[in-house]
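Engineer: Counting from 1 along the sequence shown, just add 2 to a position and that's the residue number in our numbering. In this text, a Cβ means the ideal position worked out from N, Cα and C, and glycines have one as well. My questions all concern the structure below.
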Amino acid sequence: MQEIRLIRAAKALGDMQLGTKHEIGEMDQFTLRTYLEEMLVDEASSDVDIDQVLRKMVEIAVTTYNSDD
């Protein structure tokens with residue numbers, strides 16, 4: 003996959019809107035990037051490169067898609 007396309011796809015993936023609904027019906031909206039930043043940085047260390055994580059997710063998805071013949 004061309005590097006520029008990989009970067010664009012990773013950005014789009016990171017900007018993907020997610021949400022969670024609380025028991026009282028309140029919705030919290032956030033992006034995948036925000037979720038990963040909170041989960042990975044808090045759990046691992048502040049050295050986690052979220053852009054690299056998103057690029058790797060795209061690479062894995064493309065590789066898996068291409069191998070499912």
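Can you round the beta-carbon distance between leucine 42 and threonine 33 to whole angstroms, since I take them to be within the 8 angstroms contact cut?
Structural biologist: So it is not a contact: roughly 14 angstroms between Cβ atoms.
Engineer: Just reading off the alpha helix (DSSP H) that methionine 59 is part of, what are its end residues?
Structural biologist: It spans 52-69 - the alpha helix (DSSP H) in which methionine 59 sits, taken as one unbroken run.
Engineer: Looking at the structure shown, is methionine 29 part of a helix, part of a strand, or coil, going by DSSP?
Structural biologist: The answer is strand: DSSP assigns methionine 29 an E or B state.
Engineer: Give the straight-line distance between the Cα atoms of glutamate 61 and valine 50, rounded to the nearest whole angstrom.
Structural biologist: Cα to Cα, glutamate 61 sits roughly 18 angstroms from valine 50.
Engineer: Looking only at its chain, what residues have a beta carbon closer than 8 angstroms to the beta carbon of leucine 56, apart from the 5 residues adjacent to it on each side?
Structural biologist: Within the same chain, leucine 56 has close Cβ partners Ala12, Lys13, Leu15, Gly16, Leu34, Arg35 and Leu38.
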